[in-house]
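Under the numbering used here, think of the first position of the sequence shown as 19, with each following residue one higher.
One structure is given below, encoded as structure tokens.
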Amino acid sequence: YLAGYPMVDFQVTLIDGSFHPVDSNEMSFKMAGSLAFKDAMTRAKPTLLEPIMNVEISSPSEFAGDLMGDLNSRRGRIGGMEPRGAMTAIKAQVPIAEMLTYEQQLTSATGGRGAYQMEFSHYEEVPAHLHSDIISAAKAERS
């Protein structure tokens, strides 16, 4: 609905309705259903969700501060650091949209000595200030 993509995993319950032999036909019910859906979506105030990933980065300890700063700039939330000899493991949760170019950044920042892994954690609401950019990009992509 927000970006022109189909809505999924929702349920509608029709509580009441009427039928008139002259005015009631398939097209009338389709139009009424469409108008009711649009009205319901406006009232429901739908929002965008984004996948959040659990990320663990392993790098030489000398780069830990810079890597944490980079994760923060990617809307990441640092969950902790763990020393492992000359290396440091950094755990964080980061939106997947912010991780699409991370491999190049990590390689550049650590001289190729850093590695990371990530796995899906959960969905969260996209911050409101990003909604319009995401919706505009999605609509442009579909055109």
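Even glycine gets a Cβ: it sits at the ideal position worked out from N, Cα and C.
Own chain, CB closer than 6 Å to residue i, minus 5 neighbours either side, in chain order
| i | result |
| --- | --- |
| residue 158 | none |
Close Cβ partners of residue i (< 7 Å) along its chain, the five nearest in sequence each way excluded
| i | result |
| --- | --- |
| residue 97 | 109, 110, 111 |
| residue 149 | 66 |
| residue 82 | 99, 106, 108 |
| residue 187 | In this structure the chain extends from 19 to 161, so residue 187 is not present and cannot be described. |
| residue 37 | none |
| residue 84 | 127 |
Cβ-Cβ distance between residue i and residue j below 8 Å
| i | j | result |
| --- | --- | --- |
| residue 22 | residue 160 | yes |
| residue 31 | residue 78 | no |
| residue 141 | residue 69 | yes |
Per DSSP, cross-strand counterpart(s) of residue i
| i | result |
| --- | --- |
| residue 111 | 72, 95 |
| residue 23 | Residue 23 pairs with nothing; no bridge assigned. |
| residue 146 | In the DSSP output, where bridge partners are listed per residue, residue 146 has none listed. |
| residue 137 | 72 |
| residue 163 | There is simply no residue 163 to check, as the chain begins at 19 and stops at 161 in what is shown. |
Own chain partners of residue i with C-beta closer than 8 Å, once the 5 adjacent residues on each side are dropped
| i | result |
| --- | --- |
| residue 152 | 21, 66, 144 |
| residue 49 | none |
Under 8 Å: do the stretch 65 to 74 and the stretch 130 to 138 share three or more Cβ pairs, one atom per stretch? yes
I'd like to know if the stretch 86 to 102 and the stretch 54 to 66 are in contact, where contact means that at least 3 CB-CB pairs between them fall below 8 Å. no
Segments of 3+ residues assigned as beta strand (DSSP E) that fall wholly inside the stretch 28 to 74: none
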